[in-house]
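Protein chains: 2
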Amino acid sequence: MSVSPLHEAIPHNKARYEDYEHWQFLRLTDKFHEAPRGSVVIHGKVIYGYPSIGRILRLETGLKHQFHAPFWVEEKVDGYNVRLARVGDQVLAFSRGGFICPFTTDRAPDLAELRILEEHPDLVLCAEVAGPGQPYISGHPPYIREDVQLFVFDMMRMGQAGYLPQPEKQALVRQYALPAVQCYGRHTPDQVSELRALMARLAEEGREGVVMKEDSDRDHRTKLVTSYSCVDDIRGTVDHLRDLPAEYFVGRVLRLALFLEEQGEAQLDDVRRQLGSAFLDGLYRAIEQSKQEQRVYHTHRCLFRDPENAKRLLKHMKRTTGHAHVAQRRLEKEGDYYVLEFDKLHAAMTGLLGHVLGGGLVFD
Amino acid sequence: MSVSPLHEAIPHNKARYEDYEHWQFLRLTDKFHEAPRGSVVIHGKVIYGYPSIGRILRLETGLKHQFHAPFWVEEKVDGYNVRLARVGDQVLAFSRGGFICPFTTDRAPDLAELRILEEHPDLVLCAEVAGPGQPYISGHPPYIREDVQLFVFDMMRMGQAGYLPQPEKQALVRQYALPAVQCYGRHTPDQVSELRALMARLAEEGREGVVMKEDSDRDHRTKLVTSYSCVDDIRGTVDHLRDLPAEYFVGRVLRLALFLEEQGEAQLDDVRRQLGSAFLDGLYRAIEQSKQEQRVYHTHRCLFRDPENAKRLLKHMKRTTGHAHVAQRRLEKEGDYYVLEFDKLHAAMTGLLGHVLGGGLVFD
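Line by line, the protein sequences give chains A and B.
Here our numbering runs 2 ahead of the position in the first sequence, where the first position is 1.
Here our numbering runs 2 ahead of the position in the second sequence, where the first position is 1.
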């Protein structure tokens, strides 16, 4: 294995070696100089990480403040971030943190036409994978009713930070008929009312929001989410609120208020009830689960082409979320796929609800 | 000044000396052996702190689990905790943390018949002070419409941890016509339906909840709050949510769900809307204030008998909440009192809203 500048992160405790099948690769566990967390060095190539994008909470001032040139507006899809790349004669999917995702790697041939990576072996596809059949998060867009779908939103080249320009990316998306996020066109910072109307429509349609990418050399990016996304995130996770940082919930309530206030939302009374219902109905569900089964958990159901990848996923989940917190229910062939069902235990919520439903004291 | 076992806390960094007028006294900044945080040694006497009381989140199992004997049920009033004691020829009011509270000390003669402390100079009155005219917290019970009121809920003796038995306390309350918390009688752990009905009535009346005190030598205590209290706390503080730990809000939502679920709340749709409205309406208020005045703050208005105590309060507030965050608006005589008006700046919320309303980025 050749040595790259990223190997210098090892003595700083910002990189470590990982094994996956016959691969050994280096993963940045932290940002190191210009390379984001999740950058990897594998088979002598560097695949840069996908850095987090700053969020604006107000449209009008945010556009004015963030953009010095027109910008592309694309849908932000509610799923998990992967990078697909050809390594040797395999296509591997890397998670945000730089792990190889056994699920996405397994299903990649179903999710996109991978011929592009044969013909352009130095390309990296940056994409969101979303849907009820994914193993990581509990929410998904309402318009994806089963399994998962993939949406390309950027392309990189191996060994290079930064992304292909929008026209080049779009040409490749069209040429290979790749599934991609919707593009809502190129806008200028003064087109506030158009974008306000777009955000209202996306909220109506149950979409998470937009990522905006400046059409300039600096390629500055920012994101903005809809009121729908704020409420839906709370609804989807409140049943395990003790397993997440409290800031997760408070931050979404704040985003929601700032979004609605700027939109001059007419249906405010509806949103009040939706927010209250997102919090309370999810907690009732958790209380009911705790009373019935003495634990709070979520069952995931994922399809695999190769059952070995299902086992690799469980191993990966056990490592990242705690061995005792992931339990296989079944792994069986059904039609063309192996169906993996597993429970993810919400340990903190299980402990807390068990304690207080049993009459225990809490101090705060 | 005589030396007490509490002085041994000094080398452990759990006690420090404080000055107030001509007094120098020792204050426990942390629990030390059996003495709670806020215990003080002044004028050769030890006044024990008022320890925090564990909370149950469920009535039926909580009563069964916590109490081995009948218990007294008293109203928990939404205010701040003080201990009133005679020191030399003065009555001083100590805050939960063991500071001398200049406001309560000033107003003590208005709030209770202090003759009890002349005739029983070793008594300490433990009380809640509540109302819109108090300097510390922003919420108050809806049934106190102006200024403040005091409610005695326990009595201690100087130099002794633990409280006077309920009959002895109640006899003294009656004898001196002291304002005291309402007592809802002596109950047994199996009287679940009576207490459920009581909690529903207290929620209706806008009361915070109850403290329950076992009628036994161990005098075990626990508290339980109403749905009203959970929503009202959020409504009263969400305008400065970044200045409080996020757990403050998440904890109250969880309490609310557990309370309602146990009560089998019929009016659930109302509570959903109230919860959503508590979050959103308070945040709109903060956004409006930030847009209009570039800061988020709360104005307190307190009455004083002696203007020197008003100055002492401001000095105390500046020390405990940050010098730049407390600003006097006016201090003027009106009728029998000096009116102090001051603003408490919510610095974190001011900073965050200024940043995001101006179009700044946030990373999370």
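We treat Cβ as the ideally placed atom computed from N, Cα and C, and that holds for glycine.
Note that the coordinates shown come from a computational prediction; the quantities given were computed from them, not determined experimentally.
Residue i classed as buried or exposed, judged by whether at least 16 other C-beta atoms fall within 10 angstroms
{"i": "Pro191 (chain B)", "result": "buried"}
{"i": "Pro169 (chain A)", "result": "exposed"}
{"i": "Pro247 (chain B)", "result": "exposed"}
{"i": "His348 (chain B)", "result": "buried"}
{"i": "Glu77 (chain B)", "result": "buried"}
{"i": "Pro7 (chain B)", "result": "exposed"}
{"i": "Pro13 (chain B)", "result": "exposed"}
{"i": "Asp124 (chain A)", "result": "exposed"}
{"i": "Asn15 (chain B)", "result": "exposed"}
{"i": "Asp338 (chain A)", "result": "exposed"}
{"i": "Gln68 (chain B)", "result": "buried"}
{"i": "Ala173 (chain B)", "result": "exposed"}
{"i": "Gly164 (chain A)", "result": "exposed"}
{"i": "Ser229 (chain A)", "result": "buried"}
{"i": "Ala179 (chain A)", "result": "exposed"}
{"i": "Tyr52 (chain A)", "result": "buried"}
{"i": "Tyr19 (chain B)", "result": "exposed"}
{"i": "Ala132 (chain A)", "result": "buried"}
{"i": "Gly135 (chain B)", "result": "buried"}
{"i": "Met3 (chain B)", "result": "Per-residue confidence for Met3 (chain B) stands at a pLDDT of 43, beneath the threshold of 50, marking its modelled position as unreliable; the derived number appears in the next sentence. Met3 (chain B) comes out exposed."}
Cβ of residue i within 7 Å of any chain A Cβ
{"i": "Phe365 (chain B)", "result": "yes"}
{"i": "Ala248 (chain B)", "result": "yes"}
{"i": "Met3 (chain B)", "result": "Unreliable placement is indicated for Met3 (chain B), whose pLDDT of 43 sits below 50; the coordinate value is still reported in the next sentence. Closer than 7 Å: no."}
{"i": "Tyr286 (chain B)", "result": "yes"}
{"i": "Gly278 (chain B)", "result": "yes"}
{"i": "Ile289 (chain B)", "result": "yes"}
{"i": "Val194 (chain B)", "result": "no"}
{"i": "Arg275 (chain B)", "result": "yes"}
{"i": "Leu243 (chain B)", "result": "yes"}
{"i": "Val341 (chain B)", "result": "no"}
{"i": "Val126 (chain B)", "result": "no"}
{"i": "Val43 (chain B)", "result": "no"}
{"i": "Val358 (chain B)", "result": "yes"}
Cutoff 7 Å: residue i Cβ touching any chain B Cβ
{"i": "Phe251 (chain A)", "result": "yes"}
{"i": "Phe281 (chain A)", "result": "yes"}
{"i": "Gly361 (chain A)", "result": "yes"}
{"i": "Gly187 (chain A)", "result": "no"}
{"i": "Arg138 (chain A)", "result": "Checking the displayed sequence, the identity of residue 138 (chain A) turns out to be Tyr instead of Arg. Not one chain B Cβ lies under 7 Å of Tyr138 (chain A)."}
{"i": "Gln92 (chain A)", "result": "no"}
{"i": "Tyr145 (chain A)", "result": "no"}
{"i": "Val233 (chain A)", "result": "no"}
{"i": "Thr31 (chain A)", "result": "no"}
{"i": "Val298 (chain A)", "result": "no"}
{"i": "Ala202 (chain A)", "result": "no"}
{"i": "Val255 (chain A)", "result": "yes"}
For residue i, the residue or residues it bridges with in DSSP
{"i": "Asn83 (chain B)", "result": "B:Glu130"}
{"i": "Ala110 (chain B)", "result": "DSSP output for Ala110 (chain B) lists no bridge partner at all."}
{"i": "His300 (chain B)", "result": "B:Lys346"}
{"i": "His189 (chain A)", "result": "A:Phe73"}
{"i": "Arg57 (chain A)", "result": "A:Lys225 and B:Val364"}
{"i": "Ser6 (chain A)", "result": "DSSP lists no partner for Ser6 (chain A)."}
{"i": "Met157 (chain B)", "result": "B:Leu127"}
{"i": "Lys215 (chain A)", "result": "A:Trp74 and A:Arg223"}
Residue i: CB within 6 Å of a non-hydrogen atom of the ligand FMN
{"i": "Glu121 (chain B)", "result": "Only the bare structure without any ligand can be found here, which leaves the ligand FMN out of the picture."}
**Contact between the stretch 309-319 of chain B and the stretch 308-317 of chain A (3+ Cβ pairs under 8 Å)** = The stretch 309-319 of chain B, when compared against the stretch 308-317 of chain A, does not touch it at the 8 Å Cβ threshold.
**Message:** Under 7 Å, CB to CB, which of the residues in the stretch 206-230 of chain B have a partner in chain A?
**Reply:** Contact annotation: in the stretch 206-230 of chain B, residues whose CB is within less than 7 Å of a CB in chain A are Thr224.
**Asked** Which residues, in chain order, does the stretch 52-77 of chain A contribute to contact with chain B at a C-beta distance below 8 Å?
**Response** Hits within the stretch, in order: Ser54, Gly56, Arg57, Ile58, Leu59, Arg60, Glu62, Thr63, Gly64, Leu65, Lys66, His67 and Gln68.
**Prompt:** What are the residues of the stretch 258-273 of chain A that lie near chain B, defined by any Cβ-Cβ distance shorter than 8 Å?
**Reply:** Contact annotation: in the stretch 258-273 of chain A, residues whose CB is within less than 8 Å of a CB in chain B are Leu258, Ala259, Leu260, Leu262, Glu263, Leu270, Asp271 and Val273.
**Item:** Given 8 Å, three or more beta-carbon pairs between the stretch 146-163 of chain B and the stretch 191-204 of chain B
**Value:** In short, these stretches do not touch, since the Cβ pair count stays below three.
**Request:** Decide if the stretch 113-124 of chain A is in contact with the stretch 143-155 of chain A; the criterion is three or more beta carbon pairs, one per stretch, under 8 Å apart.
**Result:** Result yes; three or more Cβ-Cβ pairs closer than 8 Å.
**Asked** Do the stretch 264-281 of chain A and the stretch 225-236 of chain A meet, that is, are 3 or more Cβ pairs less than 8 Å apart?
**Response** By the Cβ test, the stretch 264-281 of chain A is in contact with the stretch 225-236 of chain A, since at least three Cβ pairs between them sit closer than 8 Å.
**At least 3 beta-carbon pairs within less than 8 Å: the stretch 177-189 of chain B vs the stretch 72-90 of chain B** = Yes: at least three Cβ pairs fall under 8 Å.
**Prompt:** Does the stretch 341-358 of chain A come within contact of the stretch 317-333 of chain A, defined as at least 3 CB pairs closer than 8 Å?
**Reply:** Cβ pair count under 8 Å is three or more, so yes.
**Three-pair Cβ contact test at 8 Å for the stretch 207-220 of chain B versus the stretch 237-254 of chain B** = Cβ pair count under 8 Å is below three, so no.
**Message:** With a threshold of 8 Å, are at least 3 pairs of Cβ atoms found where one atom belongs to the stretch 214-227 of chain A and the other to the stretch 329-338 of chain A?
**Reply:** These segments do not touch.
**Prompt:** Are the stretch 358-365 of chain A and the stretch 53-70 of chain B in contact at 8 Å, needing three or more beta carbon pairs?
**Reply:** Taking a cut-off of 8 Å for Cβ pairs, the stretch 358-365 of chain A and the stretch 53-70 of chain B touch, as three or more such pairs fall below it.
**Item:** Cβ contact check for the stretch 26-42 of chain B and the stretch 89-101 of chain B: 3 or more pairs under 8 Å
**Value:** Yes: the two stretches touch, three or more of their Cβ pairs being nearer than 8 Å.
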